[in-house]
Amino acid sequence: MHTAPKSVRPILILFYALLAVVFSAPAVANRNTVLVLGDSISAAYGVPSETAWVRLLSDRLANNGLSSWQVVNASISGETTDGGARRLPALIEEHDPGVVIIELGGNDGLRGFPPNIIENNLADMISRVQKSGAEAILVGMQIPPNYGRRYTAMFADIYPKLSDRYGTELVPFFLEGIYDQDGLMQEDGIHPTAEAQIKLLDNVWPVLEPVLQ
1 MHTAPKSVRP
11 ILILFYALLA
21 VVFSAPAVAN
31 RNTVLVLGDS
41 ISAAYGVPSE
51 TAWVRLLSDR
61 LANNGLSSWQ
71 VVNASISGET
81 TDGGARRLPA
91 LIEEHDPGVV
101 IIELGGNDGL
111 RGFPPNIIEN
121 NLADMISRVQ
131 KSGAEAILVG
141 MQIPPNYGRR
151 YTAMFADIYP
161 KLSDRYGTEL
171 VPFFLEGIYD
181 QDGLMQEDGI
191 HPTAEAQIKL
201 LDNVWPVLEP
211 VLQ
């Protein structure tokens, strides 16, 4: 039986060891999923589902050479940052996303939740996303001055503060160019109309597209 020269054996041992690692290691996912974790605005409250900005996002990906990405909408009407933080670990485990869009906090603000609690919940979600190896995109929100100017300002400051702290991409204000325009908000003054959905996507797209590229 032919045996390799002694000088070659260490190289062969290393070669076979590397092969063993490669073939025994689990396959790595492409992580080509965009997970949207939001509230009623992203859950298409009060508008036909086919007009929702998350549905339109899938079409835009296909039209911009990004059809390898798929979109999973995990948004729930009435969702708070606490609920999102509790649901996120299972969603990451199930979908292994490459990008997570966090669109939460509006309901917390409308209910007058303490800003530090909202901030801590959002920080927990960002941290979990980053630890999973995915990119987090934070979607900023503002609320009407029902609770006074101080609370409104503290709430709005949460998003840029967290973006700076964790180095995440930020959509400054989700309803920019929508909340104060005729015909783009439903009668409740909280939820965008079907006509506003493309504008919601336009507010997210300039931040999202470079991450996907």
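The opening residue of the sequence shown carries number 1 in the numbering used here; numbering runs sequentially from there.
In this text, a Cβ means the ideal position worked out from N, Cα and C, and glycines have one as well.
Counting only runs of 4+ residues, the alpha helix (DSSP H) found wholly inside the segment 65-96 occupies 81-95, in chain order. Note on geometry: alpha-carbon atoms of W205 and N121 lie some 25 Å from one another.
Assigned with DSSP and collapsed to three states, P48 falls in coil, not helix or strand. In the DSSP assignment, T33 is bridged to Q70. Look at L208 here: in three-state DSSP terms it is helix. Around I178, the same chain offers L184, P192, A196, K199 as residues with beta carbons nearer than 6 Å, after the five sequence neighbours per side are excluded.
Each residue's CA atom was taken as its position, placing A52 and Y45 some 9 Å apart.
Note on geometry: alpha-carbon atoms of L61 and W69 lie some 7 Å from one another. It is roughly 15 Å from the alpha-carbon of G112 to the alpha-carbon of I190. In this structure, the straight-line span from the alpha carbon of V54 to that of L35 is close to 10 Å. The three-state secondary structure of A153, taken from DSSP, is helix.
With distances taken between CA atoms, G105 lies nearest to A85 out of S127, E169, V71, A85. For E119, the enclosing alpha helix (DSSP H) covers residues 115-131. Of the candidates S67, S58, S77, V71, S77 places its Cα closest to the Cα of V47.
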